[in-house]
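A.B. asks: Below you'll find the structure I mean.
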Amino acid sequence: MHAGTHRFRRRLLALLAAAVSATVGLGSPTLPVAAAAGSAAATSWNVTHRAGEPGDALTAHLQLDDTRGTLSLGVRRGSTTVLEPAPVGITTDASDLTAGLRLRGHTVRKVTERYSTTTGKQRRRVAHMTEARFSFAKDDGARLDLVVRVSDDGFAYRYVLPGDDEVTVLGEASAFQVPDEAAAWLMPYTPNYERPRTETTAADAAAGDYAYPSLFRVGESYVLLTESDVDGRYAGSRLAHDAGSGRYRVELADERITSAGPLATPWRTAVIGDLATVTESTLTDDLAPDSRVTDTSWIRPGKVAWSWLAGFGAAQRSLETQQRFVDYSAAHGWEYTLVDDGWKTEDWMPRLIEYAQRRGVKILVWMHWSDLDTAAEREETLGRVEEWGAAGLKIDFMDSDAQERFRWYDDILEATAERELLVNFHGSTIPHGIQRTWPHVMSMEAVYGAEQGNVSLADITTLPYTRNVVGSMDYTPMGFQFGTRNTSEAAELALSVVYESGFQNFAGSVEAYRSRPELERFLEQVPTVWDETRLLSGHPGDGATLARRHGDRWFVGDVTAADGPATRRVPLDFLGAGRWRLEVLRDGPDGLVRDSRVADRRDVLTVPTSAGGGFAAIICRALPGRTTCDRPVDRMPLTALSATPQKAEADPGTTVDVEGTLQVEDFGPARDATVRVSSPQGWTVTGGTAHADELATGAAIGTRATVHVPSDAAYGYHDVVVSASYWAPGERAGVPALRQERTVRVFVAPPGVDYVSDLPFAEERNGWGPVERDTSNGESAGGDGGPLRIRGTAYDKGLGMHATAEVSVDIRGAYDRFRAHVGVDDEVGGTATVVFEVVGDGQLLARTEVMTPADAARALDIDVSGVRRLTLRVTDGGDGINSDHADWADAQLRLVTADAADTTE
Numbered sequence: 003m004h005a006g007t008h009r010f011r012r013r014l015l016a017l018l019a020a021a022v023s024a025t026v027g028l029g030s031p032t033l034p035v036a037a038a039a040g041s042a043a044a045t046s047w048n049v050t051h052r053a054g055e056p057g058d059a060l061t062a063h064l065q066l067d068d069t070r071g072t073l074s075l076g077v078r079r080g081s082t083t084v085l086e087p088a089p090v091g092i093t094t095d096a097s098d099l100t101a102g103l104r105l106r107g108h109t110v111r112k113v114t115e116r117y118s119t120t121t122g123k124q125r126r127r128v129a130h131m132t133e134a135r136f137s138f139a140k141d142d143g144a145r146l147d148l149v150v151r152v153s154d155d156g157f158a159y160r161y162v163l164p165g166d167d168e169v170t171v172l173g174e175a176s177a178f179q180v181p182d183e184a185a186a187w188l189m190p191y192t193p194n195y196e197r198p199r200t201e202t203t204a205a206d207a208a209a210g211d212y213a214y215p216s217l218f219r220v221g222e223s224y225v226l227l228t229e230s231d232v233d234g235r236y237a238g239s240r241l242a243h244d245a246g247s248g249r250y251r252v253e254l255a256d257e258r259i260t261s262a263g264p265l266a267t268p269w270r271t272a273v274i275g276d277l278a279t280v281t282e283s284t285l286t287d288d289l290a291p292d293s294r295v296t297d298t299s300w301i302r303p304g305k306v307a308w309s310w311l312a313g314f315g316a317a318q319r320s321l322e323t324q325q326r327f328v329d330y331s332a333a334h335g336w337e338y339t340l341v342d343d344g345w346k347t348e349d350w351m352p353r354l355i356e357y358a359q360r361r362g363v364k365i366l367v368w369m370h371w372s373d374l375d376t377a378a379e380r381e382e383t384l385g386r387v388e389e390w391g392a393a394g395l396k397i398d399f400m401d402s403d404a405q406e407r408f409r410w411y412d413d414i415l416e417a418t419a420e421r422e423l424l425v426n427f428h429g430s431t432i433p434h435g436i437q438r439t440w441p442h443v444m445s446m447e448a449v450y451g452a453e454q455g456n457v458s459l460a461d462i463t464t465l466p467y468t469r470n471v472v473g474s475m476d477y478t479p480m481g482f483q484f485g486t487r488n489t490s491e492a493a494e495l496a497l498s499v500v501y502e503s504g505f506q507n508f509a510g511s512v513e514a515y516r517s518r519p520e521l522e523r524f525l526e527q528v529p530t531v532w533d534e535t536r537l538l539s540g541h542p543g544d545g546a547t548l549a550r551r552h553g554d555r556w557f558v559g560d561v562t563a564a565d566g567p568a569t570r571r572v573p574l575d576f577l578g579a580g581r582w583r584l585e586v587l588r589d590g591p592d593g594l595v596r597d598s599r600v601a602d603r604r605d606v607l608t609v610p611t612s613a614g615g616g617f618a619a620i621i622c623r624a625l626p627g628r629t630t631c632d633r634p635v636d637r638m639p640l641t642a643l644s645a646t647p648q649k650a651e652a653d654p655g656t657t658v659d660v661e662g663t664l665q666v667e668d669f670g671p672a673r674d675a676t677v678r679v680s681s682p683q684g685w686t687v688t689g690g691t692a693h694a695d696e697l698a699t700g701a702a703i704g705t706r707a708t709v710h711v712p713s714d715a716a717y718g719y720h721d722v723v724v725s726a727s728y729w730a731p732g733e734r735a736g737v738p739a740l741r742q743e744r745t746v747r748v749f750v751a752p753p754g755v756d757y758v759s760d761l762p763f764a765e766e767r768n769g770w771g772p773v774e775r776d777t778s779n780g781e782s783a784g785g786d787g788g789p790l791r792i793r794g795t796a797y798d799k800g801l802g803m804h805a806t807a808e809v810s811v812d813i814r815g816a817y818d819r820f821r822a823h824v825g826v827d828d829e830v831g832g833t834a835t836v837v838f839e840v841v842g843d844g845q846l847l848a849r850t851e852v853m854t855p856a857d858a859a860r861a862l863d864i865d866v867s868g869v870r871r872l873t874l875r876v877t878d879g880g881d882g883i884n885s886d887h888a889d890w891a892d893a894q895l896r897l898v899t900a901d902a903a904d905t906t907e
């Protein structure tokens, strides 16, 4: 550099030093400002990003107190202070980097991020930011770099600890100082982020810990506090608050965080702007590392049929139920079906996946995170799921922001990406930019969602401005058959647009969907990933109207917290020039009503709404001959195969009558349809076959068969199979038929034995739900348990209980032996302890040791001669009754001879 240039720079620096808080160029920090004589020394810098309207420009103001060596950071939007100065700094086991700091130097650069995502509110993104890096040191040589970024839609800062040595962080001084009077929408912190938000003010909020993202309103500006780029090198955090103050301190999840150097901490992030800017922001992703997955061609977001709220655990254990949801997905063009907690007690998952693949539907499977918490478990379990052909996983119950858990997130994300398995996290942390770095993450829960059964309208209409801003949110709407729903039907439908999620897990039952044909039609069309998102109107807790574009179609969703009828008015100025066709789904007196009209961007859409109401709309170009915005849907006929009876008992040498019926419910015809009854090996069938060249929608074929039980039939259950085969319209020659099966279970009982599950109960009590006959303990309803299975062995007969429980049967001396195999049911998994007791007429006849899921079934063979009332009891083993599912498998009583039995009352 020439000497003249050096002299010019020195003169320029001298001039700038006299100008307090002057900004040098676009986004450049102010150079150090000399303090007035006699005052406390202080040095300050501004970092400004100017790309929009001057009055909207954000300026981060960093100040160094030269006396104490402490740092503070605040933010202005235009001339309004939205975040007042608050401490910054970090403490390690080697140095306190919150005080005693002096500036070593600083640099400024412009940052441009260009990237695409597989999910989210906008797939192609360009983000411009101004970054200033300030290097500080202490007198002992300890160093700290503070990196500040400012953009159109917010600001963020992080710490960088230079050096290659391992670093142990003890805490941060980081805080956000919100003006006391700012309106606030806050959620008390829990590690699964599943609590409703409340509206208060920054200072009036109760003392305690609050979860990200936290929303504040300062004048006309909104501030959403969160964090970005959190992974296993660090821990998550929360906001700690003292009542009466607008300060919210960053509290780390761990007391000690150890990481390899150099360490760059997560970004302390504030999304800032008007409400539309905040809602549409992608800042959390913009700050995150770029994709770790090079080839994303296998990653496909989509709509998911989810059966949990339509049957809970029992539905997950039923192959027939899951096939029904697959059939529904195939009939309506939905890409996925999710099988939730309960399927692992069954052995049919590979069959379900094969069944779904033939219908063009992919299967997602639920897992507890602890099933995958070691490298060996991940290798074995993920390898098995990949071999089956599942498309992805719903992983649940992480429930932690600790560094250890984020290290697990790193491991599972890398392992699933390697196997091309999609991921949806439940019981999880919030998105911190994870969907940019790991684009196979389709969604995360971290929300007080529909499964809670009674989500308030205030919370429903706050989520678009809080939780859903930072990433995909698996709220699971459409559960019409479940809980107390506070939204109208149109507003519930609108949530498919208002809420963004790469996987939209729709929670309705097949029956609930089929009774709402207009809802079905809209859900067939609505995408789950977007090219553009606009907030058209709304306010936290009052309502939200969002427009999202996918390709050349717009979808609009509107939901309100209004307690009575209203008229929603939506200007259409977000549309391009020309004429547009609008199809609006609104509430009518007998359900959803579809209105269609043509308009242009100068018009205002007006829609009448009810209490808790809203509407959904599709908008497309109005072209000659086009009467609808709907696009063709690839679909299969929706059919139903039934078999009766479901269960039967028969003696050797007798017969059982079986009927089977195939009906085309929707989207027929089915071609070349056959229904057939097949018997177990060694049994025979008379009749049992029906055929039709074509079955139109609403048509059915049925058959009746007589099944002959051989005289030497083995004791126990035998499966009589009713099967159906057919082809969908237009399927090419050579593809295999579509097949369905239903099973009639015929039980052949040994002579001289009665099973306890077939006897009337004189008394019954159970720790959870009713005592189950011939199934394990289920949910709160009778008959919703799974198979009785202990250490991999399944049993056809028995009782399923949950400690503390007991059943009494009056046997009146008619039996001389009680036999059973007892143990903890396999569905429990890790933690359960139970003790089994057999009591005759009030006297203890037998008691087992404490049994756990690791124990093999214990065989009981007990003399009950003369006993009039037999009681089977289950107690806890000493660690509480959670998950104490106890099976009395194959529980039976041997009859004494008729002459010996006392059958008097």
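With positions in the sequence shown counted from 1, the corresponding number in this note's numbering is that position plus 2.
Yeah, the Cβ is synthetic: ideal placement off N, Cα and C, and Gly gets one too.
As the structure is a computational prediction, the values presented were derived from the model and not from experiment.
Below 9 angstroms between beta carbons: does that hold for A237 and A255?
C.D. replies: A237 is a Cβ neighbour of A255, given a cutoff of 9 angstroms.
A.B. asks: Beta-carbon separation of R581 and R623 under 9 angstroms?
C.D. replies: Yes, the Cβ-Cβ distance between R581 and R623 is below 9 angstroms.
A.B. asks: Using alpha carbons as the reference points, say which of L66, V169, Q124, T691 lies closest to A96.
C.D. replies: V169
A.B. asks: Going by CA-CA distance only, name the one from F820, H823, T705, V658 that's closest to T686.
C.D. replies: V658
A.B. asks: Could you check how far apart the C-beta atoms of D889 and L790 are, in whole angstroms? I think they sit under 8 angstroms.
C.D. replies: 5 angstroms
A.B. asks: Roughly how many whole angstroms lie between the Cα atoms of H887 and D695?
C.D. replies: 49 angstroms
A.B. asks: If you follow the beta strand (DSSP E) that A618 is in, where does it begin and where does it stop?
C.D. replies: 616-623
A.B. asks: Give the DSSP-derived three-state secondary structure of Y728 in the structure shown.
C.D. replies: strand
A.B. asks: The alpha helix (DSSP H) spanning Y450 covers which residue range?
C.D. replies: Segment: none, Y450 is in no alpha helix (DSSP H) and carries neither H nor E.
A.B. asks: According to DSSP, N426 sits in a beta bridge with which residue or residues?
C.D. replies: According to the DSSP secondary-structure assignment, N426 is paired through a beta bridge with K396, S445.
A.B. asks: Provide the residue span of the alpha helix (DSSP H) that contains H334, from first to last.
C.D. replies: 321-334
A.B. asks: State buried or exposed for A891, treating a residue as buried only when at least 16 other CB atoms are found within 10 Å of its CB.
C.D. replies: buried
A.B. asks: Return helix, strand or coil for A496, following the three-state DSSP convention.
C.D. replies: Note: A496 maps to helix in three-state DSSP.
A.B. asks: Does DSSP put V26 in a helix, in a strand, or in coil?
C.D. replies: With a pLDDT of only 34 at V26, under 50, the local geometry of the prediction cannot be trusted, and no value is derived from it.
A.B. asks: How far does the beta strand (DSSP E) with Y250 in it extend, from its first residue to its last?
C.D. replies: 249-254
A.B. asks: Restricting to runs no shorter than 4 residues, where is the alpha helix (DSSP H) found entirely within the stretch 780-867?
C.D. replies: none
A.B. asks: Near E388, which residues of its chain fall below 6 angstroms by C-beta distance, leaving aside the five closest residues on each side in sequence?
C.D. replies: R421
A.B. asks: Tell me, please, whether the stretch 154-165 touches the stretch 207-222 by the rule of three or more beta-carbon pairs shorter than 8 angstroms.
C.D. replies: no
A.B. asks: Look up V572 in the DSSP assignment and give the residues it is bridged to.
C.D. replies: For V572, which the question treats as bridged, DSSP gives the partners L607.
A.B. asks: Can you tell which of R151, T228, G718 has the C-alpha that lies nearest to the C-alpha of R111?
C.D. replies: R151
A.B. asks: Quick one: grab the DSSP three-state call for P56.
C.D. replies: helix
A.B. asks: What residue does the alpha helix (DSSP H) around P87 start on, and which one ends it?
C.D. replies: Element bounds for P87: not the alpha helix (DSSP H) but the beta strand (DSSP E), 82-90.
A.B. asks: Are there three or more Cβ pairs, one per stretch, closer than 8 angstroms when the stretch 411-420 is compared with the stretch 242-256?
C.D. replies: no
A.B. asks: Please state whether DSSP places Y467 in a helix, a strand or coil.
C.D. replies: helix
A.B. asks: Can you say whether Q845 is buried or exposed, counting buried as having 16 or more other CB atoms within 10 angstroms of its CB?
C.D. replies: exposed
A.B. asks: Can you name, in chain order, every residue of its own chain whose Cβ lies under 6 angstroms from the Cβ of R536, other than the five neighbours on each side?
C.D. replies: A549, F576
A.B. asks: Can you tell me where the alpha helix (DSSP H) with D288 in it begins and where it stops?
C.D. replies: 285-288
A.B. asks: Is the separation between the beta-carbon of T431 and that of M400 shorter than 9 angstroms?
C.D. replies: yes
A.B. asks: Find the nearest neighbour of S445 within the set R302, G704, G684, L227, judged by alpha-carbon distance.
C.D. replies: R302
A.B. asks: Take A563 as the anchor and find which of P591, P573, S490, S498 has the nearest alpha-carbon.
C.D. replies: S490
A.B. asks: DSSP state of V280, grouped into three classes?
C.D. replies: helix
A.B. asks: Ignore the nearest five residues each way along the sequence and tell me which others in A559's own chain have a CB closer than 6 angstroms to its CB.
C.D. replies: Checking the displayed sequence, the identity of residue 559 turns out to be Gly instead of Ala. Result list for G559: A496, V499, V500, L548, A618, in chain order.
A.B. asks: Is it the case that the Cβ atoms of V49 and S223 are separated by a distance below 9 angstroms?
C.D. replies: V49 is not a Cβ neighbour of S223, given a cutoff of 9 angstroms.
A.B. asks: Have a look at the DSSP bridge pairing and note the partners of R875.
C.D. replies: R875 is bridged to E808, E839.
A.B. asks: Tell whether a beta-carbon distance below 9 angstroms holds between R294 and A266.
C.D. replies: no
A.B. asks: Cβ atoms of L897 and Y817: under 9 angstroms apart, would you say?
C.D. replies: yes
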